[in-house]
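So in the UniProt record's numbering, the last one in the sequence shown is 68, and the numbering has no gaps at all.
Don't be surprised by glycine CBs; every beta carbon is placed ideally from N, CA and C.
Shown next, in structure tokens, is the structure this report addresses.
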Amino acid sequence: MRLFYTCKQAHQKLSENLDRELSLVERTQLKIHLGMCDSCTNFGRQMKTIRMAMQAMAKGKSSDQDEP
Ligand SMILES: [Zn+2]
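Structure, rendered in structure tokens:
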């Protein structure tokens, strides 16, 4: 097992984070990587923005899909 994520792994975890909650270990390792990597920090920020935009779109448009 590797102590630190590579950028590729960090990107993957950032994407996975949109679909599921990461484990404590995953989150810690990701945090460590983001602490030393600006490009992945930016990537994470973009993913968050995209996610929020997608949620806003889902709410605004296809309201009959996920609504109870
Ligand atoms: Zn990185």
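Considered as a whole, the UniProt domain "Putative zinc-finger" (7 to 40) harbours 7 to 19, 24 to 36 as its complete alpha helix (DSSP H) runs of no fewer than 4 residues, in chain order. The closest CA to that of MET54, considering only ASP19, LEU34, ARG27, GLN29, is found on ASP19.
A straight line joining the alpha-carbon of ARG51 with that of GLU16 spans about 12 Å. For LEU30, the closest of THR6, LYS59, MET57 by C-alpha to C-alpha distance is THR6.
Relative to ligand 1, SER15 has its C-beta separated by 7 Å or more from all heavy atoms.
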